[in-house]
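Asks:
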Amino acid sequence: MDIEQFRKAGYQAIDRICDYYYSLEQKPVNSQVPPGYLRELIPPTAPEQGEDFQTIADDYQKLIVPGLTHWQHPNFYAYFPTACTFEGILGDLYATSATNPGFNWACSPACTELEAVVMDWSAKLFGLADHFLNSSEVGGGVMQTTASDSALVAIVAARSRYTSQHPEAKLEDLVIYTTTQTHSLGVKAALVLGLECRSLEVKPEDRFALRGETLRRALAEDAAKGKRPFVLVATVGTTSSGAVDRLGEIGEVLQDHSSIWIHVDAAWAGVTLACPEFRETAQLDHINRHADSFCTNFHKWGLVNFDASTLWVRNRKHLTDALDVTPEFLRTKQGDAGTVIDYRNWHLSLGRRFRSLKVWFVLRSYGAKGFRDYIRKSIDLNTHFAALVRAEPSFSLVTEPAFALTVFRLAPALPTGLPAAAQLAQLNALNRSYYAKLNARPDIYLTQTQLNGTFCIRFAIGAARTTRAHVDRAWAILQEEAAGVLAEWTAQAQEA
Numbered sequence: 002m003d004i005e006q007f008r009k010a011g012y013q014a015i016d017r018i019c020d021y022y023y024s025l026e027q028k029p030v031n032s033q034v035p036p037g038y039l040r041e042l043i044p045p046t047a048p049e050q051g052e053d054f055q056t057i058a059d060d061y062q063k064l065i066v067p068g069l070t071h072w073q074h075p076n077f078y079a080y081f082p083t084a085c086t087f088e089g090i091l092g093d094l095y096a097t098s099a100t101n102p103g104f105n106w107a108c109s110p111a112c113t114e115l116e117a118v119v120m121d122w123s124a125k126l127f128g129l130a131d132h133f134l135n136s137s138e139v140g141g142g143v144m145q146t147t148a149s150d151s152a153l154v155a156i157v158a159a160r161s162r163y164t165s166q167h168p169e170a171k172l173e174d175l176v177i178y179t180t181t182q183t184h185s186l187g188v189k190a191a192l193v194l195g196l197e198c199r200s201l202e203v204k205p206e207d208r209f210a211l212r213g214e215t216l217r218r219a220l221a222e223d224a225a226k227g228k229r230p231f232v233l234v235a236t237v238g239t240t241s242s243g244a245v246d247r248l249g250e251i252g253e254v255l256q257d258h259s260s261i262w263i264h265v266d267a268a269w270a271g272v273t274l275a276c277p278e279f280r281e282t283a284q285l286d287h288i289n290r291h292a293d294s295f296c297t298n299f300h301k302w303g304l305v306n307f308d309a310s311t312l313w314v315r316n317r318k319h320l321t322d323a324l325d326v327t328p329e330f331l332r333t334k335q336g337d338a339g340t341v342i343d344y345r346n347w348h349l350s351l352g353r354r355f356r357s358l359k360v361w362f363v364l365r366s367y368g369a370k371g372f373r374d375y376i377r378k379s380i381d382l383n384t385h386f387a388a389l390v391r392a393e394p395s396f397s398l399v400t401e402p403a404f405a406l407t408v409f410r411l412a413p414a415l416p417t418g419l420p421a422a423a424q425l426a427q428l429n430a431l432n433r434s435y436y437a438k439l440n441a442r443p444d445i446y447l448t449q450t451q452l453n454g455t456f457c458i459r460f461a462i463g464a465a466r467t468t469r470a471h472v473d474r475a476w477a478i479l480q481e482e483a484a485g486v487l488a489e490w491t492a493q494a495q496e497a
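The working numbering runs 1 ahead of the 1-based position in the sequence shown.
#1: Assign Gln-33 to one of two classes, buried (16 or more other C-beta atoms within 10 Å of its C-beta) or exposed (fewer than that).
#2: Could you tell me which of Ile-478, Pro-443, Arg-212 sits nearest to Phe-386, measuring between CA atoms?
#3: Runs of 4 residues minimum, wholly inside the region 315 to 397: which ones carry the alpha helix (DSSP H) assignment?
#4: With Gln-145 and His-348 assumed to form a contact (beta carbons below 8 Å), what rounded beta-carbon distance in angstroms separates them?
#5: Taking the alpha-carbon positions, what's the Val-30 to Arg-218 distance?
#6: Hey, how far is the Cα of Gly-243 from the Cα of Glu-278?
#7: Within the 8 Å Cβ cut-off, does Asp-343 reach chain C?
#8: Any idea what DSSP makes of Val-66, helix, strand or coil?
#9: Drop a sphere of 10 angstroms on the beta-carbon of Thr-297, count the other beta-carbons inside from all chains shown, and report buried for 16 or more, exposed for fewer.
#10: What are the residues that DSSP puts in a beta bridge with Tyr-446?
#11: Specify the secondary structure class of Phe-456 as computed by DSSP and reduced to three states.
#12: In angstroms, rounded to a whole number, what distance separates the CA positions of Lys-228 and Val-157?
#13: Kindly indicate the opening and closing residues of the beta strand (DSSP E) around Trp-262.
#14: Beta strand (DSSP E) containing Gly-213: first to last residue?
#15: Helix, strand or coil for Glu-496 per DSSP?
#16: Give the DSSP bridge partners of Cys-198, in chain order.
#17: What does Thr-236 pair with, by DSSP beta-bridge criteria?
#18: Could you give the residue range of the beta strand (DSSP E) that holds Val-143?
#19: Less than 8 Å between the CB atoms is what I'm expecting for Ala-155 and Leu-312, so what's the real figure, rounded?
#20: Are the beta-carbon atoms of His-300 and Ala-465 separated by less than 8 Å?
#21: Does the contact criterion of 3 or more C-beta pairs under 8 Å hold for the region 85 to 95 versus the region 355 to 368?
#22: Is the beta carbon of Cys-198 sitting closer than 8 Å to the one on Thr-179?
#23: Between which two residues does the beta strand (DSSP E) containing Ser-294 stretch?
#24: According to the neighbour-count rule (16 or more other Cβ atoms, all chains shown, within 10 Å of its Cβ), is Cys-112 buried or exposed?
#25: I'd like the list of long-range same chain contacts for Leu-419, defined as Cβ closer than 7 Å, with 5 residues on each side in sequence excluded.
#26: Who are Val-245's beta bridge partners in DSSP?
#27: Hey, could you find the ends of the beta strand (DSSP E) Pro-409 is sitting in?
#28: Give, in chain order, every unbroken run of the alpha helix (DSSP H) that is at least 4 residues long and sits entirely within the region 85 to 117.
#29: How is Ala-484 classed by DSSP in three states: helix, strand or coil?
#30: Where does Ala-148 fall in DSSP's three states?
#31: Do Ile-251 and Leu-196 count as a contact pair if the criterion is CB distance below 8 Å?
#32: Assess contact between the region 328 to 335 and the region 301 to 310, defined as three or more Cβ pairs (one per stretch) separated by less than 8 Å. Is contact present?
#33: Mind reading off the beta-carbon distance from Val-232 to Gly-238? Whole number of angstroms is fine, and I expect it under 8 Å.
#34: Taking all protein chains shown into account, decide if Gln-424 is buried (16 or more other Cβ within 10 angstroms of its Cβ) or exposed.
#35: Give the DSSP-derived three-state secondary structure of Ala-313 in the structure shown.
#36: Could you check what DSSP says for Ala-461 in three-state terms: helix, strand or coil?
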């Protein structure tokens, strides 16, 4: 493909992307293809001779688009929001057009310097303390692929710091602390590093948040066993329920355990810090006071296309001490002089993408006000949805709504005198049946979860095109399917 052929194909691609978004609401939310559909439609080997690009572009429309689940669909309420803005698309396009591996400043100075600036922009947007700024030359921010990578990097740095402070410590005694509601990133990091992970119990009455007393007991128990916890992954906005761990209590307990690193995973909910009215709920003051590292994902609820995970550290030296490998061929006079950041020493891989360009495009186009307006709109829609759930006697909230997430279930009246375990089993079976009905529909997409044995359904708002009318339509669908399931359940109970 020459330059002019690329120009023509690029025009067509933009036209087709625009047509896709114009027609998005008319598409089923999730893909309707069966497993293995694509292998039956494409040859088993690559073509020997090159094909006409128009044929390739047409096959994308014909073969690939039907296999997509449309995360930007206004009726997508599953998992978490995933951003896809036109500004982000264009940022990715420009970044791809000048591909470079970005492993040091000299690779392309603009790539390193824009990332350093944009990470400071973002830190200030969220109200992070000055020690998290790159301009502080003490801590700083770096872009990673996902929150899982951000957590892994933080845990590697925490391990390095701990073992340097405690050279007698054996790796088999090191322990990663998470909670039973922490994202699987903590367990996966333990698998990757060959370390033990302990999940601390959280309770419904605490809205599934880790409390200081639970942490204190765990520390005493592990000390008696000769175990050495070295990092705690706390969460602001857990995936299942939106829980926010009590960072103030955690920080107070760990004042006597200064070697334990506090990593705050706010992958989904961290962007709420852009709005001053949500900073107390998201515990900004405690993040600034106690966190050694903090992560949020712009590519979830932050209007920036995947991937764009942002990680800040209180002290950058802890990253570079753990991850700096500089063979002769990577040395530069700027790096040797310490006048630039070489971001390869702030993450696991050598090469890296020019992710900051799309964040720059989005923040400039939306502005801080537009960014906040988007977050507030999502939370307002969720408040409306939660009010609908509260007003319906056969539904109940499993926990209080968190930002733009509501977790609910069907909860009709049960026969009196039924043991609690039997009640839970009946309601879980009912809600599994209910979720199966919802999951079979092409016009709405939600996901399930389980909170301390209670099966429930998550309703996560955040698609940029979702309006109150879409939420009301979703509620009508939920009521419609609930009526059918409850009628079947009542009939079966009467027969029994």
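Note that the Cβ used here is the ideal one computed from N, Cα and C, for glycine as well.
Replies: Taking the geometry as given:
#1: exposed
#2: Ile-478
#3: 317 to 324, 334 to 338, 357 to 392
#4: 6 Å
#5: If I take the Cα positions, the gap works out to 46 Å.
#6: 17 Å
#7: Checking the listed chains, one finds no chain C in this structure; it contains a single protein chain.
#8: helix
#9: buried
#10: In DSSP, Tyr-446 forms a bridge with Phe-77.
#11: strand
#12: Roughly 18 Å separates the two Cα atoms.
#13: Trp-262 -> beta strand (DSSP E) spans 262 to 266.
#14: Careful: Gly-213 lies outside any beta strand (DSSP E), inside the alpha helix (DSSP H) at 213 to 226.
#15: helix
#16: Ile-177
#17: Asp-266
#18: 141 to 145
#19: 7 Å
#20: no
#21: Taking a contact to require three or more Cβ pairs closer than 8 Å, the region 85 to 95 and the region 355 to 368 qualify as touching.
#22: Yes, these two residues count as a Cβ contact at 8 Å.
#23: 294 to 298
#24: buried
#25: none
#26: Val-237
#27: First, the residue type needs correcting, since residue 409 is Phe and not Pro in the sequence shown. Per DSSP, the continuous beta strand (DSSP E) segment holding Phe-409 begins and ends at 406 to 411.
#28: 87 to 98
#29: helix
#30: helix
#31: no
#32: Contact fails between the region 328 to 335 and the region 301 to 310, because fewer than three Cβ pairs, one in each stretch, are under 8 Å apart.
#33: Wrong, their Cβ atoms sit about 19 Å apart, outside the cutoff.
#34: exposed
#35: Reading off the sequence shown, one finds Trp at residue 313, where the question assumed Ala. Looking at Trp-313 - three-state DSSP - the assignment turns out to be strand.
#36: Strand at Ala-461.
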